[in-house]
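Participant:
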Ligand code: GUN
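Residue numbers (the working numbering): 10 to 301.
1) Enumerated in chain order, which unbroken segments of the alpha helix (DSSP H) with a length of 4 residues or greater are wholly contained in the region 51-94?
2) Just checking residue 185 against the ligand GUN - is the residue's beta carbon closer than 7 Å to any of the ligand's heavy atoms?
3) Taking only three categories from DSSP, how would you classify residue 257?
4) Give a single yes or no on whether residue 57 has its beta carbon closer than 7 Å to a heavy atom of the ligand GUN.
5) Can at least three beta-carbon pairs, one atom from the region 133-144 and one from the region 239-247, be found at a separation below 8 Å?
6) Just checking my contact of residue 268 with residue 231 at CB under 8 Å: how many whole Å lie between their CB atoms?
7) Three-state secondary structure (DSSP) at residue 207?
8) Compute the distance between the beta-carbons of residue 220 and residue 273, then report whether it is under 8 Å.
9) Name the two residues that bound the continuous alpha helix (DSSP H) containing residue 139.
10) Could you tell me if the beta carbon of residue 148 falls within a distance shorter than 7 Å of some heavy atom in the ligand GUN?
11) Using a Cβ-Cβ cutoff of less than 6 Å, which residues in the same chain neighbour residue 93 once the five nearest sequence positions on both sides are dropped?
12) Just verifying my parser: in three-state terms, what is the DSSP assignment at residue 127?
13) Please confirm whether any heavy atom of the ligand GUN lies closer than 7 Å to the CB of residue 153.
14) Does the Cβ of residue 257 lie closer than 7 Å to at least one heavy atom of the ligand GUN?
15) Is residue 283 near the ligand GUN, judged by its Cβ being under 7 Å from some heavy atom?
16) Check whether the region 201-218 and the region 163-182 are in contact - that is, three or more C-beta pairs closer than 8 Å.
17) Residues around the ligand GUN, please: the condition is that the C-beta lies closer than 5 Å to some non-hydrogen atom of it.
18) With distances taken Cα to Cα, identify the nearest neighbour of residue 112 among 217, 128, 81.
19) For residue 45, report the span of its beta strand (DSSP E) as first-last.
20) Whole-angstrom Cβ separation of residue 284 and residue 19, contact assumed at under 8 Å?
21) Where residue 36 and residue 29 are concerned, what is the direct C-alpha to C-alpha distance, given to the nearest angstrom?
22) Of the choices 174, 158, 222, 198, whose alpha-carbon is the least far from that of residue 191?
23) Could you check what DSSP says for residue 248 in three-state terms: helix, strand or coil?
24) Quick one, which of 68, 300, 109, 280 has its alpha-carbon nearest residue 47's?
25) Starting from residue 262, trace the alpha helix (DSSP H) both ways and give me its first and last residue.
26) Is the distance from the Cβ of residue 16 to the Cβ of residue 233 below 8 Å?
27) In angstroms, rounded to a whole number, what distance separates the CA positions of residue 264 and residue 12?
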């Protein structure tokens, strides 16, 4: 059994990105600039955003963090998005989710200029990705494909089961895994209403768990030799930790790992890759790889 080391893979990719950035800057080009909007004080979001800012430093990017209290109105937030759309110094930006309940997330996502949408959440990017056109691709599924590629997991012709149908992970993951010249896999998406989830998992060569339920995938749900990718990051109480919690994936690692040929840990698997792919998307935005 091989543990897929997302942390080391992400570090290697960030080093490659930094090299390219320094080449660009040395040649007189502009340093890529990522901006992030963070609303409120959700612990998970604070951690994600500070990790993104740190990754910018590691890659030689400029970064700007804009913080707002959770009583910001939707109109005020939309105005901040517009300012970033209009700011020529910003190559790409993200609005960290979730947003407070009084703000329509979809409206905010659709207000982002799709050419700066390095999260790949705008319907133009989602649609272009779905039909195989160049586009910003949501960082988590993009990072998973990169991990599978770098760990020589043969996806073509494989049976891939995706647990979860979120807009950010499940749906784009399914598109990318089935894509001709992409994953080329036979894809099944299971979710909370699926009646044959266990049977589907037992037939899978690759399982991608993004269902948001801690330790959901158990050893009796997988076949020997399966490749398992765990997207879950639920904070569960843990009195032995200084923080009072630990991150638990969607996979019961102890039960599943002995059967798996390759498996990602939590933490240190998919998470670091997600941030690293955001950096790749920002570099692509700065270079105008997908759009003029
Ligand atoms: N919240 C959880 N994951 C993400 C992400 O990838 N991007 C943004 N903007 N918010 C998130």
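Where is the CB? At the ideal position from N, CA and C, for every residue including glycine.
Quantities reported herein were computed from a predicted structural model and do not represent experimental measurements.
Facilitator: In short, the structure shows the following:
1) 52-68
2) Here the question's residue 185 lines up with position 176 in the chain shown. Answer for residue 185: no, Cβ out of range of the ligand GUN.
3) Locating residue 257 in the chain shown gives position 248, counting from the first residue. Residue 257 falls in the strand class under three-state DSSP.
4) Against the chain shown, residue 57 aligns to sequence position 48. True, at least one ligand heavy atom lies under 7 Å from that Cβ.
5) no
6) Here residue 268 refers to the residue found at position 259 of the chain shown. Here residue 231 refers to the residue found at position 222 of the chain shown. Yes, residue 268 and residue 231 are in contact; Cβ-Cβ is about 5 Å, under 8 Å.
7) As a working note, residue 207 is residue 198 in the chain shown. It is helical.
8) Translated into positions along the chain shown, residue 220 becomes position 211. Translated into positions along the chain shown, residue 273 becomes position 264. Contact flag unset, no.
9) Translated into positions along the chain shown, residue 139 becomes position 130. From DSSP, the alpha helix (DSSP H) with residue 139 extends over 132-139.
10) Locating residue 148 in the chain shown gives position 139, counting from the first residue. Within the cutoff, so yes.
11) Locating residue 93 in the chain shown gives position 84, counting from the first residue. Counting only Cβ-Cβ distances below 6 Å, and skipping sequence neighbours, we find 44, 99, 102.
12) Here the question's residue 127 lines up with position 118 in the chain shown. Looking at residue 127 - three-state DSSP - the assignment turns out to be coil, as it is neither helix nor strand.
13) Here the question's residue 153 lines up with position 144 in the chain shown. Checking the Cβ of residue 153 against the ligand GUN gives no.
14) Within the chain shown, the letter at position 248 stands for residue 257. Flag unset: Cβ of residue 257 not near the ligand GUN.
15) As a position in the chain shown, residue 283 is number 274, starting the count at 1. Yes, Cβ of residue 283 sits closer than 7 Å to a heavy atom of the ligand GUN.
16) yes
17) 103, 105, 106, 128
18) What you label residue 112 is simply residue 103 of the chain shown in a count that begins at 1. Restricting attention to 217, 128, 81, the CA atom closest to the CA of residue 112 is found in 81.
19) The residue you call residue 45 lines up with position 36 of the chain shown. Residue 45 -> beta strand (DSSP E) spans 42-48.
20) The residue you call residue 284 lines up with position 275 of the chain shown. The residue you call residue 19 lines up with position 10 of the chain shown. Residue 284 to residue 19, Cβ: 7 Å. Contact.
21) As a position in the chain shown, residue 36 is number 27, starting the count at 1. As a position in the chain shown, residue 29 is number 20, starting the count at 1. In a straight line, the C-alpha of residue 36 is about 11 Å away from that of residue 29.
22) By one-based count along the chain shown, residue 191 stands at place 182. Of the candidates 174, 158, 222, 198, the one whose C-alpha sits nearest the C-alpha of residue 191 is 158.
23) Against the chain shown, residue 248 aligns to sequence position 239. Coil.
24) The residue you call residue 47 lines up with position 38 of the chain shown. Closest option to residue 47, Cα to Cα, is 109.
25) Here residue 262 corresponds to residue number 253 of the chain shown, with the count starting at 1. In the DSSP assignment, residue 262 falls within the alpha helix (DSSP H) that extends over 262-265.
26) On the chain shown, residue 16 is found 7 positions in, with the first residue counted as 1. On the chain shown, residue 233 is found 224 positions in, with the first residue counted as 1. Cβ atoms of residue 16 and residue 233: not closer than 8 Å.
27) The count along the chain shown starts at 1 and reaches residue 264 at position 255. The count along the chain shown starts at 1 and reaches residue 12 at position 3. If you take the alpha carbons of residue 264 and residue 12, they lie about 14 Å apart.
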